[in-house]
Amino acid sequence: MKVLALTRELGALGLLVKLRKKFPKLKVIYETHDYYLSIRHLDKKRCSLSRIRRQWSAERILIPKADGLICLTEHQRALYQQWFPKLAIIALSLGCLGFPRQPLLEQRRLKRRLVYIGHLHSYKGLELIFELAGLLKTENIELHSFGGNEAQVLSLQERAGKEGLAGFLHFRPFIEPKVLHEILDNDISIGLVPLQDTFYSRYLTCPVKALDFIAHGLPAIASEIPSVREVLRETGFYCDSKNVTEFADKAIALLDDTESYLLATKASYSRSRELQWRLRARRILDFFEGVCIAILSFLEYDLYVVAEIEYLL
Numbered sequence: 016m017k018v019l020a021l022t023r024e025l026g027a028l029g030l031l032v033k034l035r036k037k038f039p040k041l042k043v044i045y046e047t048h049d050y051y052l053s054i055r056h057l058d059k060k061r062c063s064l065s066r067i068r069r070q071w072s073a074e075r076i077l078i079p080k081a082d083g084l085i086c087l088t089e090h091q092r093a094l095y096q097q098w099f100p101k102l103a104i105i106a107l108s109l110g111c112l113g114f115p116r117q118p119l120l121e122q123r124r125l126k127r128r129l130v131y132i133g134h135l136h137s138y139k140g141l142e143l144i145f146e147l148a149g150l151l152k153t154e155n156i157e158l159h160s161f162g163g164n165e166a167q168v169l170s171l172q173e174r175a176g177k178e179g180l181a182g183f184l185h186f187r188p189f190i191e192p193k194v195l196h197e198i199l200d201n202d203i204s205i206g207l208v209p210l211q212d213t214f215y216s217r218y219l220t221c222p223v224k225a226l227d228f229i230a231h232g233l234p235a236i237a238s239e240i241p242s243v244r245e246v247l248r249e250t251g252f253y254c255d256s257k258n259v260t261e262f263a264d265k266a267i268a269l270l271d272d273t274e275s276y277l278l279a280t281k282a283s284y285s286r287s288r289e290l291q292w293r294l295r296a297r298r299i300l301d302f303f304e305g306v307c308i309a310i311l312s313f314l315e316y317d318l319y320v321v322a323e324i325e326y327l328l
């Protein structure tokens, strides 16, 4: 029996590498969600002792001992490949959940609601959200945000009221995935991905909420940066990450044109089918077939995959 262990935790990677010495048929794959082989791209305030320790004792020592590496973006793959040219490396975005196609697309468009989902940090586009809400208000378009803790939400809701955006800019804390998916399916018109142009956002992350948007067939208006384009490809409506007017204009144009909105929705559903989790798993197995084991049948495995998939929802 051969076993493929897949982890995104460096601590677990160290334990698995030790375990492989006892069980040589074990194959160990690490999935990275960051990059610390070099820390020159980090703000000096973020270059703490723990990050330097991670750079030397974890990434530079542990990762080359794995049998393979999964990256989230092509640029991230290139960064690791130049350090570990002999290590098998693949770049794969995260995946989409499967939802039934929403038949009431025109009703969703008429709700005239944009949504942002995520932490409320400046590099995530918080200031852009406020400016955008002001531009959309004149067109009777609402902007809803899900994320942050209760204190943050209360503070931001108060700020929205002071800036005359009450009724058009709404903040709610993170909610359970099931409820969120119901809201995306029934009450939202467009998804917003306003990542700011930082090294991490541009090259190292996978915008998972963009995956949620297209899984529900929502058109996505997003910052024009490589990591976002890798996910959305031609289905995204791209804007300069600092150009608020561009975000507003594209949202208004979509919501004011039934045909354009329906075409954008179809494109999102189509792209989401290409990014299903099962297809991602198949690509991982196919890529490591020659490195790890020969797969006799995709349906009748001689393989067990031990995976930490905390990012599914």
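Mapping the sequence shown onto the working numbering, position 53 (from 1) lands on 68, and the numbers just tick up by one.
Built from N, CA and C at the ideal position, the CB exists for glycine as well.
Where residue i falls: helix, strand or coil (DSSP)
i: A73; result: helix
i: R295; result: helix
i: R23; result: coil
i: R187; result: strand
i: H159; result: strand
i: N164; result: coil
i: D272; result: coil
i: A175; result: helix
i: I310; result: Summary for I310: the model assigns pLDDT 33, below 50, so the residue's position carries little reliability; its value from the coordinates is reported in the next sentence. Coil, per DSSP.
i: T220; result: coil
i: L30; result: helix
i: D212; result: coil
i: R286; result: helix
i: E378; result: Lying before the first or after the last residue shown, residue 378 is absent from the chain, which here runs from 16 to 328.
i: R248; result: helix
i: C55; result: The sequence shown places Arg at residue 55, not Cys. Coil, per DSSP.
i: F145; result: helix
One or two residues paired with residue i in a DSSP bridge
i: G206; result: V130 and A235
i: I43; result: As written in the sequence, residue 43 is Val, which differs from the Ile given in the question. Beta-bridge pairing links V43 to A20.
i: C254; result: S238
Burial state of residue i (16 or more Cβ within 10 Å)
i: V320; result: At V320, the pLDDT of 38 sits below 50, so the modelled position is not reliable and the matter cannot be decided from this model.
i: A181; result: exposed
i: V194; result: exposed
i: D212; result: exposed
i: P192; result: exposed
i: I76; result: exposed
i: P209; result: buried
i: G113; result: exposed
i: D202; result: exposed
i: Q97; result: exposed
i: E197; result: exposed
i: L31; result: buried
i: R128; result: buried
i: G176; result: exposed
Supposed close pair residue i, residue j - CB separation, criterion 8 Å
i: Q117; j: D200; result: 6 Å
Any C-beta of chain C under 9 Å from that of residue i
i: P222; result: The chain labelled as chain C is not found in the depicted structure, where only one protein chain is given.
Inside the region 79 to 120 only - beta strand (DSSP E) runs reaching at least 3 residues: 83 to 86 and 104 to 106
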